[in-house]
Amino acid sequence: MRTELASEPGDADRPNEDFASVGLPASGQGGSVVVLDGVTPPKGGTGCLHSVPWFTARLGGALTELTVSLPDVPLVDVLSRAIARTAEAHASTCDLSHPRTPQATVVVARWSPEGVEYLVLSDSALLVESPDGVVTPLLDDRLALLPRSALATDALVDATLRNRENGFFTAAADPSVARRAVTGTLPRREVRALAALTDGAARWVERFAEGDWTDCFHLLRKEGPQALVDRVRTLERADSARSFLGRSKTHDDATVVYAEF
Numbered sequence: 547m548r549t550e551l552a553s554e555p556g557d558a559d560r561p562n563e564d565f566a567s568v569g570l571p572a573s574g575q576g577g578s579v580v581v582l583d584g585v586t587p588p589k590g591g592t593g594c595l596h597s598v599p600w601f602t603a604r605l606g607g608a609l610t611e612l613t614v615s616l617p618d619v620p621l622v623d624v625l626s627r628a629i630a631r632t633a634e635a636h637a638s639t640c641d642l643s644h645p646r647t648p649q650a651t652v653v654v655a656r657w658s659p660e661g662v663e664y665l666v667l668s669d670s671a672l673l674v675e676s677p678d679g680v681v682t683p684l685l686d687d688r689l690a691l692l693p694r695s696a697l698a699t700d701a702l703v704d705a706t707l708r709n710r711e712n713g714f715f716t717a718a719a720d721p722s723v724a725r726r727a728v729t730g731t732l733p734r735r736e737v738r739a740l741a742a743l744t745d746g747a748a749r750w751v752e753r754f755a756e757g758d759w760t761d762c763f764h765l766l767r768k769e770g771p772q773a774l775v776d777r778v779r780t781l782e783r784a785d786s787a788r789s790f791l792g793r794s795k796t797h798d799d800a801t802v803v804y805a806e807f
């Protein structure tokens with residue numbers, strides 16, 4: 547089995563808010579990939595004493611452990627337990643009801659000899675390649691489908707869309723949000739490889755349109771995750787007119803995990 551991981555902060559002076567892991571049980575049967583993209587809060591309070599990297603490390607660590615140690619528990623329940631465990635770690639010191647309490651997007655894939663389970667929550671991406679080379683993106687596109695006018699300000703998003711019906715969902719402090727994720731199971735024989743990307747790495751497709759998801763996957767297979775991150779950084783620096791980036795930050799944390807069975 548081949549696994550590769552690359553993760554790079556958008557700003558060298560700021561901590562990386564992403565989290566990524568590959569879990570391989572001691573039995574040698576199966577494994578898991580976990581990728582989180584921490585949501586950078588706007589200026590102002592979040593009701594929490596802790597940073598986004600603290601949160602993603604806690605939640606990501608719990609997910610990595612539980613996906614491996616509880617192989618028979620569905621991923622929705624695994625995420626719910628991990629959110630609850632993380633919330634308990636700071637409920638006594640922080641206001642977890644604040645709309646900007648630390649939170650993250652989530653991608654989890656877990657495989658066994660029989661199947662490949664997946665869970666995607668918010669705008670990170672999971673790509674799955676079949677033995678005949680067909681690449682299928684597994685996405686939670688609720689945020690992408692919202693009108694730009696609805697996302698005009700952070701205050702508007704927090705008041706009307708964040709973790710709300712007809713909006714979009716992220717993993718924060720409410721375990722029930724796990725049931726909002728995009729989930730499914732594929733027969734193991736139908737999956738040759740997979741890749742999980744935060745939106746900072748997915749910019750190669752979604753912002754800069756350098757290729758489609760199949761092209762992106764072929765790049766990962768041939769050159770590896772760091773090559774994709776490097777190409778995104780080159781494109782970001784070249785977009786001085788902000789033709790592609792618009793109002794988005796110039797560089798975002800970028801993380802990719804590639805796993806080939």
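Throughout, this note's numbering is defined as the position within the sequence shown, counted from one, plus 546. Just so it is clear, CB atoms sit at the ideal spot from N, CA and C, and this is done for glycine as well.
Proximity to residue i [Cα-Cα], best of the options
{"i": "Ser578", "options": "Pro587, Val598, Thr586 and Ala608", "result": "Ala608"}
{"i": "Leu665", "options": "Asp700, Ser643, Ala724 and Ser573", "result": "Ala724"}
{"i": "Arg738", "options": "Glu782, Ser676, His644 and Arg749", "result": "Ser676"}
{"i": "Ala742", "options": "Pro645, Pro683 and His636", "result": "Pro683"}
{"i": "Leu692", "options": "Val585, Thr729, Leu707 and Leu685", "result": "Leu707"}
{"i": "Phe601", "options": "Gly792, Val585, Gly679 and Val728", "result": "Val585"}
{"i": "Val622", "options": "Asp720, Gly576, Phe807 and Met547", "result": "Asp720"}
{"i": "Gly569", "options": "Ala755, Gln649, Arg656 and Leu595", "result": "Arg656"}
{"i": "Ala718", "options": "Asp776, Ala628, Asp758 and Gly591", "result": "Ala628"}
{"i": "Phe548", "options": "Thr796, Gly591 and Pro771", "result": "Contrary to the premise, residue 548 reads as Arg rather than Phe in this sequence. Measuring from the Cα of Arg548, the nearest candidate turns out to be Pro771."}
{"i": "Gly556", "options": "Ser786, Glu806 and Val775", "result": "Val775"}
{"i": "Arg694", "options": "Gly713, Glu782, Gly574 and Arg646", "result": "Gly713"}
{"i": "Arg631", "options": "Pro620, Arg783 and Ala603", "result": "Ala603"}
{"i": "Ala748", "options": "Gly576, Val581, Asp559 and Thr610", "result": "Val581"}
{"i": "Asp678", "options": "Glu736, Leu781 and Ser597", "result": "Glu736"}
{"i": "Val680", "options": "Cys762, Thr647, Leu605 and Gly593", "result": "Cys762"}
{"i": "Arg753", "options": "Ala773, Thr760 and Arg788", "result": "Arg788"}
{"i": "Glu663", "options": "Gly576, Leu595 and Gln649", "result": "Gly576"}
{"i": "Val624", "options": "His636, Thr610 and Leu685", "result": "Thr610"}
{"i": "His636", "options": "Leu781, Cys594 and Val614", "result": "Cys594"}
{"i": "Glu782", "options": "Glu756, Leu685 and Asp564", "result": "Glu756"}
{"i": "Pro659", "options": "His797, Ala705, Gly574 and Leu605", "result": "Gly574"}
{"i": "Glu563", "options": "Trp750, Gly590 and His596", "result": "His596"}
{"i": "Arg808", "options": "Ala558, Trp759, Ala633 and Trp750", "result": "With the chain represented from 547 up to 807, any question about residue 808 goes unanswered, as that position is not in the structure."}
{"i": "Leu551", "options": "Leu685, Phe807 and Ala773", "result": "Ala773"}
{"i": "Asp559", "options": "Phe807, Glu806 and His797", "result": "His797"}
{"i": "Gly606", "options": "Ala633, Gly590 and Val619", "result": "Ala633"}
Rounded Cβ spacing between residue i and residue j (contact assumed at less than 8 Å)
{"i": "Asp583", "j": "Asp687", "result": "About 15 Å; that fails the 8 Å criterion."}
{"i": "Thr651", "j": "Ser668", "result": "4 Å"}
{"i": "Ser553", "j": "Ala572", "result": "Contact flag wrong, Cβ pair sits at about 25 Å."}
{"i": "Val653", "j": "Ser638", "result": "No, Val653 and Ser638 are not in contact; Cβ-Cβ is about 30 Å, not under 8 Å."}
{"i": "Pro599", "j": "Pro561", "result": "5 Å"}
{"i": "Gly661", "j": "Pro617", "result": "Their Cβ separation, rounded to whole angstroms, is 11 Å, which puts Gly661 and Pro617 out of contact at 8 Å."}
{"i": "Leu740", "j": "Leu673", "result": "6 Å"}
{"i": "Thr716", "j": "Arg646", "result": "That pair is no contact at about 11 Å."}
Sheet register partners of residue i (DSSP bridge)
{"i": "Thr801", "result": "Ser553"}
{"i": "Thr729", "result": "Leu665"}
{"i": "Gly569", "result": "Ser578"}
{"i": "Pro620", "result": "Bridge partners of Pro620: none, in fact."}
{"i": "Val775", "result": "None, per the DSSP bridge assignment."}
{"i": "Val674", "result": "Thr682 and Leu740"}
{"i": "Ala650", "result": "Gly584 and Ala717"}
{"i": "Glu806", "result": "Arg548 and Ala739"}
{"i": "Arg656", "result": "Ser578 and Glu663"}
{"i": "Asp564", "result": "Asp583"}
If you scan the segment 572-617 from start to end, which runs of the alpha helix (DSSP H) of 4 or more residues do you find wholly inside it?
598-615
Tell me whether the segment 798-806 and the segment 763-774 touch, counting them as touching only if at least three CB pairs, one residue from each stretch, are closer than 8 Å.
yes
Pairs of beta-carbons, one from the segment 726-736 and one from the segment 788-795, closer than 8 Å: are there three or more?
no
Are three or more beta carbon pairs between the segment 623-642 and the segment 696-703 nearer than 8 Å?
no
Please go through the segment 706-770 and give each complete alpha helix (DSSP H) segment of 4 or more residues, from N-terminal end onward.
745-752 and 759-769
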